[in-house]
Structure formats: C-alpha cells, structure tokens
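Presented below is the structure to which this report refers.
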Amino acid sequence: MAKEKEHLNLAFIGHVDHGKSTLVGHLLLKAGAIAEQQLDDGENKFRFVMDKLGEERERGVTIDLAHQKFSTKKYDYTVVDCPGHRDFVKNMITGASQADAGVLVVAADDGVMPQTKEHVFLSKTLGINQLIVAINKIDLVDYSEDKYNELKEEVSNLIKTVGFNPATVPFIPLSAFEGDNIKEASPNTSWYKGDSLIDALDKLTPPEKPTDLPLRIPIQDVYSITGVGTVPVGRVETGVMKKGENVIFQPAGASGEVKSIEMHHEQFEEAEPGDNIGFNVRGVGKNDIRRGDVAGHTDASPTVAREFKAQIVVLQHPGVITVGYTPVFHCHTSQVACTFLELMQKLNPATGAVDQENPDFLKTGDAAIVKIKPTKPMCLENAKEIPQMGRFAIRDMGQTVAAGLCLEITEKQ
C-alpha cells in the first residue's frame with residue numbers, strides 16, 4: 001500500500017467580497033477535485049461550488065466533504081473555510097478544523113478592509129502560523145505591477161502587527177475568475193517571478209503531531225460491546241495512549257487500565273493524535289463516563305475548571321453581553337452552560353491592544369478578556385499549554401454568539 005500523503009488543513013480568510021469562494025472553486029477545478037461539467041456558466045461559475053455547500057449547511061444536511069478536498073503532487077488538502085466567517089471561526093475554535101495554514105485573500109481593486117484586519121488578528125489568535133497572501137482580482141486592475149506592489153506593502157504592514165514576517169510570506173497576484181497564477185505562471189503577469197498558488201501550497205510545512213503533550217482524548221460516545229465491555233470512543237487530540245497504561249476520565253473521576261485500542265475494526269498497541277479510536281478500560285462501566293469527559297494519563301490528569309479567564313470575540317449577538325449572562329460553551333465534545341462573572345478588558349479586535357478596563361457590556365464585534373464560571377465541572381486546558389483543548393465556541397439562541405480561548409484556569413479542588 002502506497003504511503004498516504006501528508007495532510008494539511010487550509011483556511012481561506014479575508015473580506016467577504018474579495019473572491020474567496022471563487023478562488024476555492026477554481027483551485028478545486030485546477031487541482032482536478034471537481035469536473036468542469038459540475039460548474040455553472042458565467043459570473044457565478046466557481047462560487048457555486050462552495051455556495052452549494054452553504055445551502056446544504058442551512059438545511060442542516062451533512063456536507064459532502066469530497067467537494068472540499070484536493071490533492072497536489074505533494075500533499076492532500078482539506079479546505080476548512082467555507083465562506084461563512086462565523087462558521088469558520090467556530091470550527092477553528094472548537095478544533096473541528098484546526099487550520100495548518102491560511103490563504104489571506106485581498107482584492108486588488110478594493111484593498112485592505114476592516115474584515116481583512118479582523119481575520120488576520122483572529123487567525124493568529126487561533127494558531128495559524130503559516131500564511132499565503134492571494135492578491136486577487138488582478139485582472140480588474142489590468143494586471144498592474146504598481147497596484148500589486150502597493151497592496152503588498154499595505155498587507156505586509158498589517159500582518160507584521162500580529163507577528164508574521166512578510167519576508168517569508170508569498171504574495172501571489174492572481175485572478176480567481178480567470179485562473180491566472182493558480183496552477184501555472186500567467187503570461188498576463190510576466191513581471192511576477194514567484195510561485196503559483198499550488199506551488200506555494202506545496203512549500204508549506206505539515207504540522208507536527210502533538211505527541212509530546214499530555215494525553216487528551218475527549219469522549220464522543222460510550223458503547224457497551226458484548227464480549228468487550230465498555231468502549232469509550234473519541235479522537236486523540238494530544239499525546240500517545242498505549243495498551244496497559246492507566247488512564248483517568250475527568251470530570252467523572254473514573255480510572256483504570258487500557259485493555260485494548262481499536263481503529264477501523266483493527267487492534268492497535270498505541271494511538272496518536274488524529275486517530276479516532278474505541279478503547280476498553282478495565283473497571284470502567286458505561287454509566288461511569290459520558291460524552292464530554294476527557295481521558296488522560298493518571299499522572300497528568302485532564303484539568304477540571306472551577307473558573308477560567310478567557311479571551312473571546314463576540315461574533316453575533318442581538319443585544320449585549322453583561323455579567324450574569326449564561327450561554328452554552330462548546331469545548332471539544334462537551335457542552336456546558338457557563339456564567340460570565342466579570343468583563344475584565346475590552347480589546348481592539350484588529351490589534352489586540354486593551355481599549356477599556358471593566359466595560360459594562362460587550363456587543364457584536366467586540367473582543368475581550370472575561371472571567372467565566374461553568375455551572376458544572378468541565379474539562380478545559382490553558383490554550384498556551386494544550387491549544388487543542390483550550391478553544392471553545394459560545395452558543396445561544398441557536399447560533400454561535402462568540403468564540404474564544406482559555407488563558408488561565410482556577411482548578412476545582
């Protein structure tokens with residue numbers, strides 16, 4: 001069996017009308033992931049690919065991920081950002097799709113917009129460390145090298161503020177609609193000597209598996225299987241689990257020895273980050289644990305938060321958020337109602353600098369540092385120490401109202 005290619009998750013970020021959907025659609029076409037006959041004619045030719053997924057999402061249908069996967073000679077990619085800014089942020093934060101790299105799309109005819117800045121700040125907050133800048137719609141400015149240079153400078157200054165080094169970031173002039181510089185060099189930009197988008201993607205580095213971090217397996221389900229016993233199922237986020245080791249489930253407190261580890265109906269001696277596994281633990285019954293619990297080694301037990309301090313971004317809220325507000329926090333596989341105890345600082349969403357101490361309320365678009373108290377025990381980690389376990393989305397009234405990451409934890413005694 002041929003070795004599988006390494007896999008990267010790609011987020012397409014940037015202002016709403018700058019052509020992200022069109023770019024993703026044309027990229028999938030050029031990479032051979034979709035056939036020409038799947039496309040509409042004219043203006044909306046490529047946008048349709050992602051928008052079709054959008055309407056599926058509206059109806060709550062499971063999305064056929066095949067649309068968003070493509071391969072190059074070097075890597076397999078999954079596109080994790082379908083255009084919805086809020087879904088993207090929620091997915092990024094709950095770790096459903098930790099992006100390994102971002103493609104920042106900026107339209108040549110429009111330049112840097114407020115949402116461009118916000119996405120750059122967010123992407124850095126959410127742990128994207130590799131960036132490619134796509135200067136899109138270059139056809140609309142007559143393939144002008146001056147316009148390209150002007151934008152390159154403007155975007156360089158912007159990404160510098162959040163810690164990217166512009167010297168290591170490719171800036172690619174391209175046309176998502178016409179297809180210039182997506183797969184091969186375009187004769188229309190003979191002045192540009194850099195990589196095409198696909199070549200630049202293949203120069204990214206795949207993420208290291210976080211095997212050296214403590215073991216964390218958020219539980220998705222618990223089954224009783226005849227002849228085996230209780231089998232918790234989950235995805236290894238960090239660390240390595242081996243047969244024969246002792247593990248503990250928090251906040252449940254149940255513990256025991258790992259008897260077996262199974263993936264795709266095969267037995268394994270160990271499991272590492274990214275593996276979806278079922279495992280049996282001696283002495284742990286079906287009623288001892290539940291979805292949302294987290295398994296870890298007994299000597300480095302998952303942290304149970306009594307209170308925590310977090311950095312959040314309010315994505316959409318019809319009113320204002322004040323002290324006492326108690327929405328549901330979605331963190332890894334757990335869903336726990338949590339109360340806002342204190343609004344500590346309001347931050348500038350484009351730079352992260354403190355704008356105001358102890359604000360009275362927060363509204364849509366605000367970024368802030370807050371203090372939170374879960375209404376029942378909940379597993380969470382400091383995002384600096386175990387980023388995979390430190391992000392969460394906040395939901396209320398059927399929508400994602402905010403998203404954030406944990407900065408420090410007061411542990412449950």
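For what it's worth, UniProt numbering labels the leading residue of the sequence shown as 1, then goes sequentially.
We put the CB at the ideal spot given by N, CA and C, even for glycine.
Q | CA-to-CA distance, Gly229 to Lys124, given in whole angstroms | A | 43 Å
Q. So what does Arg391 bridge to, in DSSP terms?
A. Leu405
Q. Among Ser175, Lys30, Lys363, Gly274, which has the Cα closest to the Cα of Met263?
A. Gly274
**Q.** Rounded Cβ spacing between Met378 and Ser334 (contact assumed at less than 8 Å)
**A.** 6 Å
(Q) Give me the DSSP bridge partner(s) of Lys373. (A) Thr339
Q | Range covered by the beta strand (DSSP E) that runs through Glu145 | A | Taken as a continuous stretch (DSSP letters only), Glu145 belongs to no beta strand (DSSP E), being part of the alpha helix (DSSP H) at 145 to 161.
Q) Which of the three DSSP states, helix, strand or coil, is assigned to Gly127? A) coil
Q) Are Pro359 and Glu118 close, meaning C-beta to C-beta below 8 Å? A) no
(Q) So, does the region 289 to 302 touch the region 395 to 411, judging by three or more C-beta pairs under 8 Å? (A) no
**Q.** For Pro214 and Phe340, the rounded distance between their alpha carbons
**A.** 29 Å
Q. Start and end of the alpha helix (DSSP H) containing residue 421?
A. Nothing can be reported for residue 421, as the shown portion of the chain is limited to 1 through 413.
Q | Where Ala305 sits in the DSSP three-state scheme | A | strand
Q. Considering Ser21, what are the terminal residues of the alpha helix (DSSP H) in which it resides?
A. 20 to 30
Q) With which residues is Lys69 paired in a DSSP beta bridge? A) Thr78
Q.
Just to confirm my understanding: we take Gly285, look at its own chain, exclude 5 residues before and 5 after, and list those with CB closer than 7 Å. What are they?
A. Thr230
(Q) Mapping the DSSP letters down to three states, classify Gln356 as helix, strand or coil. (A) strand
Q: Look at the alpha carbon of Pro374 and the alpha carbon of Tyr77, and state the distance between them as a whole number of angstroms.
A: 36 Å
Q) Does DSSP put Phe164 in a helix, in a strand, or in coil? A) coil
Q. With a cut-off of 8 Å, do at least 3 Cβ pairs link the region 197 to 209 to the region 168 to 177?
A. yes
Q | Pairwise C-alpha distance: Ala310 and Ala404 | A | The sequence as given places Gly at residue 404; Ala does not occur at that position. If you take the alpha carbons of Gly404 and Ala310, they lie about 7 Å apart.
Q. Which class does Lys412 belong to by DSSP, given the choice of helix, strand or coil?
A. coil
**Q.** Sequence-distant residues of its chain with Cβ nearer than 8 Å to Lys412 (five each side left out)
**A.** Pro251, Val304, Ala305, Arg306, Pro377
(Q) For the structure I just gave you, are there three or more beta carbon pairs, one from the region 237 to 252 and one from the region 313 to 322, closer than 8 Å? (A) no
**Q.** Assigned exposure category for Thr168 - 16 Cβ within 10 Å defines buried
**A.** exposed
Q. What span of residues does the beta strand (DSSP E) with Ile198 cover, start to end?
A. Taken as a continuous stretch (DSSP letters only), Ile198 belongs to no beta strand (DSSP E), being part of the alpha helix (DSSP H) at 197 to 201.
Q: List the endpoints of the continuous beta strand (DSSP E) containing His264.
A: Note, His264: premise wrong, no beta strand (DSSP E); not H, not E.
Q. Whose C-alpha, out of Glu269, Tyr223, Ala176, Gly352, is nearest the C-alpha of Leu28?
A. Ala176
Q | Exposure of His330, with buried meaning 16 or more beta-carbon neighbours within 10 Å | A | buried
Q. What are the residues that DSSP puts in a beta bridge with Phe279?
A. Ile261
Q) DSSP state of Glu385, grouped into three classes? A) coil
Q) If Val120 and Ile159 are in contact, beta carbons under 8 Å, what's the gap, nearest whole angstrom? A) 6 Å
Q | Residue closest to Asp109, alpha-carbon to alpha-carbon, out of Pro387, Asp146, Ser255, Asn157 | A | Asp146
Q. If you draw a straight line from the alpha carbon of Val162 to that of Ser156, how long is it in whole angstroms?
A. 11 Å
Q | Residue(s) in a DSSP beta bridge with Glu184 | A | According to DSSP, Glu184 bridges with nothing at all.
**Q.** Simplified DSSP state of Val141, which is helix, strand or coil
**A.** helix
Q) Using CA coordinates, which residue listed in Lys20, Glu6, Val141, Val233 is at the minimum distance from Thr205? A) Glu6
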